[in-house]
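Taking the numbering used here, the leading residue of the sequence shown gets 229, the next gets one more, and so forth. Here is the structure we will look at.
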Amino acid sequence: MATYTPPTASTISLLANGGSWSTSNYYSLESPGQDTNTGRFYELYGTSGNISAIGHGFELRQGTDGSGNVTTTLYTNTSDNNADPDKVSVDSGTPAVSVVLPQTVTGQVIKLFNNSDVVNPIMSFTLTSAMLWTSSGGGIVTNSIDPLIENLVFTKTSDSAVSYTFDWENLPNGYRLVKNSTHQTMALPSTDGTGQTVSVTQLVDGDKLILLDHNSQDCVSGIGSSSTPYVFKLVEWSHTSTTVTAKCFGNSNLYYNMGGTGGSISGSYTLYDGNLITMTRSKQKGRFTYQVHQRTNPTGSDSDYGSSYTTGSGKVFHNFW
229 MATYTPPTAS TISLLANGGS WSTSNYYSLE SPGQDTNTGR FYELYGTSGN ISAIGHGFEL
289 RQGTDGSGNV TTTLYTNTSD NNADPDKVSV DSGTPAVSVV LPQTVTGQVI KLFNNSDVVN
349 PIMSFTLTSA MLWTSSGGGI VTNSIDPLIE NLVFTKTSDS AVSYTFDWEN LPNGYRLVKN
409 STHQTMALPS TDGTGQTVSV TQLVDGDKLI LLDHNSQDCV SGIGSSSTPY VFKLVEWSHT
469 STTVTAKCFG NSNLYYNMGG TGGSISGSYT LYDGNLITMT RSKQKGRFTY QVHQRTNPTG
529 SDSDYGSSYT TGSGKVFHNF W
């Protein structure tokens, strides 16, 4: 198995003509700081030797390409680096929130941009080999490392769609997305990586999503695994000791409200506007079943929308299996 060596550059000097921030700043390795097994973080310092401000740093992260060779990717917005620079490019390439750096160094210029101007960089520096991850043993990852999908997060984007984001390791042949019992092979840009985002559409209430490796084996722990699939819900329910909340997007030109089938709950109707509708009511005493209702106008007749939700029965009700 390959052994990886992190970048050895302790400081990174900025080009004097590389942008408005370049003349009075430099980058310094934040060590040990936020270091991980695959990441090294650099913070922005002023020429006085003091850190300029939290959030202006970047990460140099080790990965591998489709052939198992080591790669170095510069990320502008990981960890607490939530301020400018927002995007990066190599020479005249298209600015993005991350970019794979060339492993063959020929004097390339790395340009950093703010979030409102991707034409004029605010800082630039010349790439050197000291900024790159390297490997011994040929840089090839062996199959002794198990495939892994981690940091998997599902986000509902409409009442028929969801997006999910994840990081992955040792998946040279991609992975499989399982919707109910239908398998779909999904490609990945490299063997290892972060921040892959995928959208799934045409979902209906109760659809289950699972992510497996290319051999249809589990590679996820938690929601999204074969034992705990993500279950798509038209209405997402939750409750505390005092309140019950329903969330949905709804449909164009219709109105929505939360009521109950075990008694009445007062509340106003909300017109669909394309955004997530959040309805919160006081939790009723005893056993009570809540239901989202839709109607064509604020004074029209109700029809049920999505699944109901019951509290007070002594059982726990979940959106996810």
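For glycine and all other residues, C-beta sits at the position ideal for the given N, C-alpha and C. None of these values were measured; they are calculated from a predicted model.
Near Gly367, which residues of its chain fall below 8 angstroms by C-beta distance, leaving aside the five closest residues on each side in sequence?
Taking the sequence shown and counting its residues from 1, one reaches residue 367 at position 139. Confidence in Gly367 is poor, its pLDDT being 40 and thus under 50, which makes the residue's placement too unreliable to answer from.
In the DSSP output, which residue or residues are listed as bridge partners for Ile338?
Taking the sequence shown and counting its residues from 1, one reaches residue 338 at position 110. Per DSSP, Val318 and Phe353.
Delimiting residues of the beta strand (DSSP E) encompassing Leu272:
For this step, residue 272 is matched to residue 44 along the sequence shown. In this chain, the beta strand (DSSP E) harbouring Leu272 covers Gly267 to Gly274.
When the Cβ atoms of the segment 321-329 are set against those of the segment 443-456, are three or more pairs found closer than 8 angstroms?
no
Taking 6 angstroms as the limit between beta carbons, can you name the residues of its chain near Ile279, skipping five residues before and five after?
Sequence index remark: in the sequence shown, residue 279 carries index 51 (1-based). Answer for Ile279: Glu271 and Tyr273, listed in chain order.
Where are the beta strand (DSSP E) runs, 3 residues long or more, that stay fully inside the segment 467-491, in chain order?
Runs of the beta strand (DSSP E) inside the segment 467-491: 471-476 and 483-488.
In the DSSP assignment, what are the bridge partners of Trp465?
Locating residue 465 in the sequence shown gives position 237, where the first residue counts as 1. Partner(s): Ala474.
Starting from the Cα of Thr334, find the closest Cα among Val318, Pro349 and Asn342 and give me that residue.
For the purposes of this step, residue 334 is taken as residue 106 along the sequence shown, with counting starting at 1. Of Val318, Pro349 and Asn342, the residue nearest in Cα terms is Val318.
Distance, Asp532 Cα to Asn371 Cα
By one-based count along the sequence shown, residue 371 stands at place 143. By one-based count along the sequence shown, residue 532 stands at place 304. Note that Asn371 scores a pLDDT of 36, beneath 50, so its modelled location is shaky and nothing firm can be said.
His411, enclosing beta strand (DSSP E) - first and last residue
Here residue 411 corresponds to residue number 183 of the sequence shown, with the count starting at 1. Note, His411: beta strand (DSSP E), Thr410 to Met414.
Compare the C-alpha of Pro457 against each of Pro330, Thr300 and Val381 and name the closest.
For the purposes of this step, residue 457 is identified with residue 229 of the sequence shown, where counting begins at 1. When each option's Cα is compared against that of Pro457, the closest is Val381.
Taking all protein chains shown into account, decide if Pro235 is buried (16 or more other Cβ within 10 angstroms of its Cβ) or exposed.
Counting from one through the sequence shown, the residue named residue 235 turns up at place 7. Buried: at least 16 other Cβ atoms inside 10 Å.
Given Tyr497, which residues of its chain have a CB within under 6 angstroms of its CB, disregarding the five upstream and five downstream residues?
The count along the sequence shown starts at 1 and reaches residue 497 at position 269. Around Tyr497: Tyr483, Asn485 and Pro526.
Does the Cβ-Cβ distance between Asn348 and Asp314 come in under 9 angstroms?
Within the sequence shown, residue 348 is the residue found at index 120, counting from 1. Within the sequence shown, residue 314 is the residue found at index 86, counting from 1. The answer is no: Cβ separation not under 9 angstroms.
Would you tell me roughly how many angstroms separate the C-alpha atoms of Ile438 and Ile451, rounded to the nearest one?
Residue 438 sits at position 210 when you count from the first residue of the sequence shown. Residue 451 sits at position 223 when you count from the first residue of the sequence shown. Computed Cα separation, rounded: 8 angstroms.
Buried or exposed: Thr422, going by 16 or more other Cβ atoms within 10 Å of its Cβ?
Locating residue 422 in the sequence shown gives position 194, where the first residue counts as 1. By the neighbour-count rule (16 or more Cβ atoms within 10 Å), Thr422 is buried.
Under 9 angstroms between the Cβ atoms of Asp433 and Gly534?
Along the sequence shown, one-based indexing puts residue 433 at 205. Along the sequence shown, one-based indexing puts residue 534 at 306. Contact flag set, yes.
Enumerate in chain order the residues of its own chain whose CB-to-CB distance from Phe269 is below 7 angstroms, with the five nearest sequence positions on each side excluded.
The sequence position of residue 269 within the sequence shown is 41, counting from 1. Contacts found: Glu258, Gly261, Gln262, Asp263, Gly285, Glu287 and Ser307.
Give me the Cβ distance between Phe394 and Gly246, rounded to the nearest whole Å; I'm assuming they're in contact under 8 angstroms.
Residue mapping note: residue 394 aligns to position 166 of the sequence shown, counting from 1. Residue mapping note: residue 246 aligns to position 18 of the sequence shown, counting from 1. About 34 angstroms separates the two Cβ atoms, so there is no contact after all.
Please report how far the alpha carbon of Ala415 lies from the alpha carbon of Gly267, in whole angstroms.
Looking up residue 415 in the sequence shown gives position 187. Looking up residue 267 in the sequence shown gives position 39. Going by the C-alpha atoms only, they are around 24 angstroms apart.
With 16 as the cutoff for other CB atoms within 10 Å, does Val369 come out buried or exposed?
Residue mapping note: residue 369 aligns to position 141 of the sequence shown, counting from 1. Per-residue confidence for Val369 stands at a pLDDT of 40, beneath the threshold of 50, marking its modelled position as unreliable; no derived number is given.
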